Amino acid sequence: MMSYRGHDKPRQILYQSLAKDMLHHAWILAGDKGLGKAAFAQQAAHFLLNSRNQPTSFSEIQDDEAGHLLAAGSHPDFRLLRRGPKSDKEEKKARDNGLDALEEHELARNIKVDQIRALQPLFQNQASISEYRVVVIDAADDLERAGANAILKNLEEPPKNTIFFLISHMPDRLLPTIRSRCQMLRFEALSADDMRIVLKSAAPKLGETDLDALVLAGEGSPGRALQYAEVGLAELEGIARAIIKSGDRDNSLKSELARKLALKAAMPRYRAFLERAPSLIGEQIKGSQLACSLQAIEKWREASDLANMALPKALDSQAVIFRLGSLMGDLFQGNQKE
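Listed below in C-alpha cells is the structure:
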C-alpha cells in the first residue's frame with residue numbers, strides 16, 4: 000500500500016473535525032495522480048471504521064478486526080468504487096486474480112451508474128459493526144454523467160453516519176454541485192526525503208542510483224515514480240541526462256535511446272519516456288542559466304508538443320525519440336554558449 004507520508008495537513012484536518020464532532024459527510028481528496036490519495040482514503044476508512052476502539056491516529060499496521068475485513072474486501076460497512084472490467088473476458092480475469100490484475104486497457108472507461116445504485120442497500124440500515132459507514136470512490140473523475148448525478152443525490156441527502164471520500168485528480172472537472180457539497184482536502188507533492196522513504200518502503204530492492212533517478216523523475220509523486228520503476232525508466236533517464244551533459248555530437252546516445260524504445264514490446268517504456276522527457280528538459284532549464292532564454296523555452300515547448308502528439312498521431316517512435324534527444328543535446332550547446 001502506498002504511504003500517505005508527508006500529507007500531514009489533510010490528516011490533521013480530518014482529526015480535528017472528528018474531535019470537534021464536526022466531521023463532514025463528504026470529502027474530495029484532490030491532487031495530482033500518484034500522490035497517495037487512495038492510500039490516505041484507505042487509512043482514513045480504517046481509522047473511522049475502527050473508531051469505537053478510539054484510535055488516536057492513522058495506522059499502517061491494521062492488525063484488528065476492521066483491518067482484516069478491509070484487507071479481505073469484506074467489511075460490511077465499507078465500499079470501494081472503481082472502474083470495473085471492460086467485458087466478460089476481463090470480468091473473468093478479475094474474478095480469478097482480482098481487479099488489480101487488470102491493465103488499463105482492460106478496464107471500463109467509467110464508473111457506471113449501476114455501481115452507484117448498488118450502494119443503496121448499504122444505506123438502508125444502520126452500520127453493521129462500526130460507528131460509521133465509509134464509501135471511497137477512486138476516482139470521482141471516472142464517474143459517468145448518470146453516475147455523478149446518482150452520487151449527488153446521496154451527497155444532498157447523506158445517510159446517517161456515512162462518510163464519502165471522493166478521490167479526484169482533476170477536481171475542477173467535477174460537477175459544481177458535487178464540489179459544493181464536499182469539503183476539499185488538497186494533497187501536495189512530497190518532498191525528496193519523503194519520496195525516498197516511500198519508494199524504499201514500496202520497492203526495497205531499488206539501488207541508490209535508481210532511487211535517486213526515480214525521486215527526480217517522480218516530481219513529488221510516489222505513484223508516478225513507481226510506474227517509472229516498473230518500466231525501467233531510470234536507465235532511460237540516465238541516457239537522457241548523459242545526452243544533456245555531453246551534447247552527444249556523434250548521436251550514439253540518441254541512437255541507443257531510440258533503439259531501446261522502438262520495439263513494440265517497449266511501448267510501456269516509450270509512453271513513460273514521452274511523459275518524462277519534457278519535464279526533464281524543463282528541470283534542466285530551471286536549474287541553469289538557460290532559464291531566461293527564449294530559445295531554451297521553445298525547446299521545451301517543442302518537446303511537450305511532440306510528446307503529446309506522438310501517440311495520438313501514431314508518429315514514428317524512433318524519429319520521435321531521436322528528435323527529443325536532439326532537443327536535449329541542444330541544451331548542452333546552450334549552456335556552453337552561456
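Heads up: the sequence shown is residues 0 to 337, going by numbering that gives the first Met the number 0. Virtual Cβ for every residue (Gly too), placed ideally from N, Cα, C. Note that the coordinates shown come from a computational prediction; the quantities given were computed from them, not determined experimentally.
Per DSSP, what kind of secondary structure is residue i in: helix, strand or coil?
{"i": "Leu262", "result": "coil"}
{"i": "Glu163", "result": "First, the amino acid is wrong: residue 163 is Phe here, not Glu. DSSP places Phe163 in strand when its eight states are reduced to three."}
{"i": "Ala233", "result": "helix"}
{"i": "Leu48", "result": "helix"}
{"i": "Gln294", "result": "helix"}
{"i": "Ala25", "result": "strand"}
{"i": "Met194", "result": "helix"}
{"i": "Phe321", "result": "helix"}
{"i": "Met183", "result": "strand"}
{"i": "Pro84", "result": "strand"}
{"i": "Arg248", "result": "coil"}
{"i": "Arg108", "result": "coil"}
With a threshold of 8 Å on Cβ separation, who are the neighbours of residue i within its own chain once the five nearest residues in sequence on each side are excluded?
{"i": "Glu102", "result": "none"}
{"i": "Asn160", "result": "Gln125, Ala126, Glu130, Tyr131, Arg132"}
{"i": "Val214", "result": "Ala191, Met194, Arg195, Leu198, Ala224"}
{"i": "Lys253", "result": "Ile242, Asp247, Ile320, Phe321, Gly324, Ser325, Gly328"}
{"i": "Lys244", "result": "Phe331"}
Just to confirm my understanding: we take residue i, look at its own chain, exclude 5 residues before and 5 after, and list those with CB closer than 6 Å. What are they?
{"i": "Pro170", "result": "Ile27, Ala29"}
{"i": "Glu105", "result": "Lys85, Glu89"}
{"i": "Ile110", "result": "Leu80, Arg82, Asp141, Leu142, Gly146"}
{"i": "Ala350", "result": "Shown here, the chain extends from 0 to 337; a query on residue 350 therefore has no answer."}
{"i": "Asp209", "result": "Ala233"}
{"i": "Asp20", "result": "none"}
Here's the rule I'm using: 16 or more other beta-carbon atoms within 10 Å means buried, otherwise exposed. How should residue i be labelled?
{"i": "Ile166", "result": "buried"}
{"i": "Arg275", "result": "buried"}
{"i": "Asp304", "result": "exposed"}
{"i": "Gln123", "result": "exposed"}
{"i": "Ser179", "result": "exposed"}
{"i": "Asp249", "result": "exposed"}
{"i": "Asp99", "result": "exposed"}
Residue i to residue j, Cα distance in whole Å?
{"i": "Glu282", "j": "Met194", "result": "18 Å"}
{"i": "His168", "j": "Ile12", "result": "20 Å"}
{"i": "Ala202", "j": "Leu225", "result": "8 Å"}
{"i": "Leu326", "j": "Leu173", "result": "37 Å"}
{"i": "Ala309", "j": "Trp299", "result": "15 Å"}
{"i": "Ala18", "j": "Leu48", "result": "15 Å"}
{"i": "Val133", "j": "Ala44", "result": "6 Å"}
{"i": "Leu151", "j": "Thr176", "result": "7 Å"}
{"i": "Ala212", "j": "Gly246", "result": "20 Å"}
{"i": "Ser292", "j": "Ala40", "result": "43 Å"}
{"i": "Pro311", "j": "Gly66", "result": "43 Å"}
{"i": "Leu68", "j": "Gln61", "result": "10 Å"}
{"i": "Ala93", "j": "Ala138", "result": "19 Å"}
Within 7 Å: the Cβ of residue i and any heavy atom of the ligand GDP?
{"i": "Ala202", "result": "As presented, the structure is devoid of all ligands, the ligand GDP included, so that no description of it is given."}
Report all residues from its chain with a CB closer than 7 Å to the CB of residue i; omit the five preceding and five following residues, and keep chain order.
{"i": "His23", "result": "Ser16, Gln182"}
{"i": "Ser46", "result": "Here residue 46 turns out to be Phe, not Ser, going by the sequence shown. Result list for Phe46: Pro54, Phe57, in chain order."}
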